[in-house]
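> Protein chains in written order, with our numbering: chain A, 4 to 191; chain B, 101 to 280. For each residue, glycine too, the CB sits at the ideal point set by N, CA and C. All values derive from a computational prediction rather than experimental measurement. First the structure, then my questions, so here it is.
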Amino acid sequence: MNSQKKNILDELKKSGAGFKAPKDYFEDMEDRFVASQNLDKAKKEHSKSAGPKMPKLDALDSIGKSHGFTTPAGYFEEEAKHLVIPKTKKIISLNSPGLRKWLNLSIAASILLFFGLGFYLSSNTNVKMAELNTDEIENWIDTDLISFNSYEIAEVFEDVDLESDLYSDEEVGAYLDNLDIEEIILDN
Amino acid sequence: MLEEEVLIERLKDPLTREASYRLLISTHKQRLYWHIRKIVLNHENADDVLQNTFIKVFRHIDGFKGESKLYSWMFRIATNESISFLKKEAKHLRVDMKTLQEQRVDNLKADVYFDGDEIQLKLQKAIISLPQKQQLVFNMKYFDDLKYEEISEILDTSVGALKASYHHARKKIELFLLNT
């Protein structure tokens, strides 16, 4: 089967890839290419520039630099009449005595407001743990508002020797099973 | 035919430039065209890429050091131009190269300059299923009958690697034709 397919490949090779070019395509190729490329210019442009430029620039050159847009006759002579000059407004100086009085008053009011609000907010946030609802605390913990890693927890119990055999695994297990989390939260 | 060194010297001389350029085109136009055509698949694009190739050859002839044969150097330029063209086209159409080549092979069915039958179309599909470099190696060896030494100069790859590459390409194409 494989050799049969190899024969098909060999057969295909004889018939070629199946592509063809337009009739007489190769006949006048030299004339077309030379005419479209303007050899002297191509050489000069290449020597001026660092990298090679793509062909068909000659088509652009033949168009020249004219963009093809026109304006109505006399447009630029009449231009000044079309222009609308905005009216100038009176400039208010920051050094005028009246404005300075208002500025001083504004600054004093801002300082008063800043300290007053600070005192009001700090006195309202002093909430005792015992006054908080257990559900609220649990929600606060559950929603990831606090997170401790094991090192932070260990720092709280620095005086406890965790390496000693003070408690057996069974005792620790029984303790954890009977632990009332609400009580610990309220005590701390 | 003129010796390569003489032709290159004449291409650099303003007095003999145009005649030498014409000679260069007439000598290499067919082989370069069919090489490009098998990469870009479409005649109009092949014509554009061929013109770009000759322009680049002409503009850079001063930098040609004669380390390889002139036609190998021209084939390399043609290959680079063809692949650059496909990359630009893929970028323009916002598709990857594989998709672009698949679209181009599909377009062959309606192409007036493609008279291949179903099996030749299938062969083109098999070729584009190969990695880019294997496609080039396969086309140059299978269709153009270039020697491995010549392909080595064009693709700057060792003869051993090319032999392996062509062997793999041929196997994959046989499998493709067998299984589809």
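With 8 angstroms set as the bound, which would you pick, yes or no: does the beta-carbon of Ser265 of chain B sit closer than that to a beta-carbon of chain A?
Ser265 of chain B does not count as touching chain A.
> Pull up the CB-CB distance for Val149 of chain B and Ile136 of chain B, whole angstroms please, since I reckon it's below 8 angstroms.
Confirmed, about 5 angstroms.
> Taking contact to mean 3 or more Cβ pairs, one atom from each stretch, closer than 8 angstroms, check whether the segment 172 to 183 of chain B and the segment 116 to 133 of chain B are in contact.
Touching, per the Cβ criterion.
> Comparing the C-beta of Phe215 of chain B with each C-beta of chain A, is any distance below 8 angstroms?
Checking the displayed sequence, the identity of residue 215 of chain B turns out to be Asp instead of Phe. Yes, because at least one Cβ of chain A sits closer than 8 angstroms to the Cβ of Asp215 of chain B.
> Hey, could you find the ends of the alpha helix (DSSP H) Asn152 of chain B is sitting in?
Per DSSP, Asn152 of chain B belongs to the alpha helix (DSSP H) from 143 to 160.
> Checking contacts by CB at 8 angstroms: is Asp61 of chain A closer than that to chain B?
Residue placement at Asp61 of chain A cannot be trusted, given a pLDDT of 45 that sits under 50; what the coordinates show is reported in the next sentence. Not one chain B Cβ lies under 8 angstroms of Asp61 of chain A.
> Going by other Cβ atoms of all chains shown within 10 Å of its Cβ, with 16 needed for buried, is Gly216 of chain B buried or exposed?
By the 10 Å Cβ count, Gly216 of chain B comes out buried.
> What whole-angstrom Cβ distance do Phe158 of chain B and Tyr121 of chain B have, given they're in contact under 8 angstroms?
Indeed they touch by this definition, with Cβ atoms about 6 angstroms apart.
> Counting along the chain, where does the alpha helix (DSSP H) carrying Arg122 of chain B start and finish?
Element bounds for Arg122 of chain B: 117 to 140.
> Who are the Cβ neighbours of Arg204 of chain B in its own chain at under 6 angstroms, not counting the five residues just before and after it?
Excluding positions up to five away in sequence, the list reads Leu141.
> Can you tell me whether Ile155 of chain B is buried or exposed? The criterion is at least 16 other CB atoms within 10 Å of its CB, across all chains shown.
Answer is buried; the Cβ neighbour count reaches 16.
> Helix or strand or just coil, what does DSSP make of Phe214 of chain B?
Correct three-state label for Phe214 of chain B: strand.
> Strictly by DSSP, which residues pair up with Phe2 of chain A?
Given that chain A is displayed from residue 4 to residue 191, the structure contains no residue 2 of chain A and the question cannot be resolved.
> Among B:Leu255, B:Val106, B:Leu230, which one has its Cα closest to the Cα of Thr96 of chain B?
This structure gives no information on residue 96 of chain B, because the portion of chain B shown stretches from 101 to 280.
> What is the rounded straight-line gap between the Cα of Asn142 of chain A and the Cα of Glu134 of chain A?
Cα to Cα, Asn142 of chain A sits roughly 15 angstroms from Glu134 of chain A.
> Can you find the residues in the same chain that come closer than 8 angstroms, C-beta to C-beta, to Glu181 of chain B, ignoring five residues on each side of it along the sequence?
For Glu181 of chain B, where only same-chain residues beyond five positions count, the Cβ hits under 8 angstroms are Ile136, Val149, Asn152, Thr153, Lys156.
> Under 8 angstroms, do Ala20 of chain A and His143 of chain B count as touching if we go by C-beta distance?
Result no, Cβ atoms of Ala20 of chain A and His143 of chain B do not sit closer than 8 angstroms.
> Residues of chain A with a CB under 9 angstroms from the CB of Tyr133 of chain B: which are they?
Near Tyr133 of chain B (Cβ distances below 9 angstroms), the residues of chain A are Ala24, Tyr28, Phe29, Met32.
> Looking at Leu262 of chain B and Tyr248 of chain B, is the spacing between their C-beta atoms short of 8 angstroms?
Contact: yes.
> So, helix, strand or coil for Thr137 of chain A, using DSSP?
Thr137 of chain A: helix per DSSP, three-state reduction.
> Arg35 of chain A by DSSP, collapsed to three states: which one?
Residue state, collapsed to three classes: helix.
> Tell me the rounded alpha-carbon separation between Lys188 of chain B and Lys233 of chain B.
Each residue's Cα considered, the two are about 18 angstroms apart.
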